[in-house]
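Structure record follows, encoded as structure tokens.
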Amino acid sequence: MIHPLRIALAVLLLGAPALAAAQNPIRRCIGANGQPVFTDQPCNAMNASDAVPPPTGAPASASSNAPPPVPTLCAKHVSELRQVVVDAFAARDANRIGSVVLWEGSGSRGAVADILTIAGMLKRPLLSVSGAGDDADSASEIAVTTSDVGGTRQTRFGITRQAGCLWLRPPD
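Take any residue in the sequence shown, note its place counting from 1, add 20, and you have its number in the numbering used here.
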């Protein structure tokens, strides 16, 4: 006699691929105003272009199956730090931002509180990521603007240079 639990498990395992195929991927696009747009629709339906173009010769749908971007380990330009923030929002990954934060002097409690702040920020829709230009020597901060109940919220990260790299300071 076949155990009912085994039958239920078999039905679940057989149905899982169909459920996974039915989910729409989240697409990362750049809007006409240059700001990131995240959608389950094709980018061109939002009057936007793909933020990650498909590889040469690949079909247009290949960009949704592309591997995640290689993490930035040593940012040389403010634009690289801004891209880390955009990629973190696309992946909802606080650790991605944490990888370019200079935690020196934060202490464990402070670092945990800052990671929780970053994780909370990533739960809100991203509106813009702006920096003080792209000149690595004169940039002072990156401002991340997110949508919030009744308006917007801005989180600021100072920028510092250490060991030849640009780093974000923990959020204000």
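Don't be surprised by glycine CBs; every beta carbon is placed ideally from N, CA and C.
Exercise for the section: Whole angstroms is fine: what's the gap from I50's alpha carbon to T59's? Expected result: Their Cα atoms are separated by approximately 11 Å.
Handout entry: Delimiting residues of the beta strand (DSSP E) encompassing Q174
Key = Where Q174 is concerned, the enclosing beta strand (DSSP E) stretches over G171 to Q182.
Handout entry: Where the alpha helix (DSSP H) containing V57 begins and where it ends
Key = Unbroken run through V57 is the beta strand (DSSP E), P56 to T59; no alpha helix (DSSP H).
Exercise for the section: Spatial neighbours of L142 within its chain, please: CB distance less than 7 Å, with the 5 preceding and 5 following residues excluded, ordered by chain position. Expected result: A108, F109, R112 and A114
Practice task
Report the rounded CA-to-CA distance for W123 versus L93, giving the unit in angstroms.
Solution key: The straight-line gap from Cα to Cα measures roughly 14 Å.
Exercise for the section: Apply the 10 Å Cβ neighbour rule to A68 and answer buried if 16 or more other Cβ atoms are within range, or exposed otherwise. Expected result: buried
Handout entry: Of the listed residues G184, L188 and D134, nearest to K96 (C-alpha basis)
Key = G184
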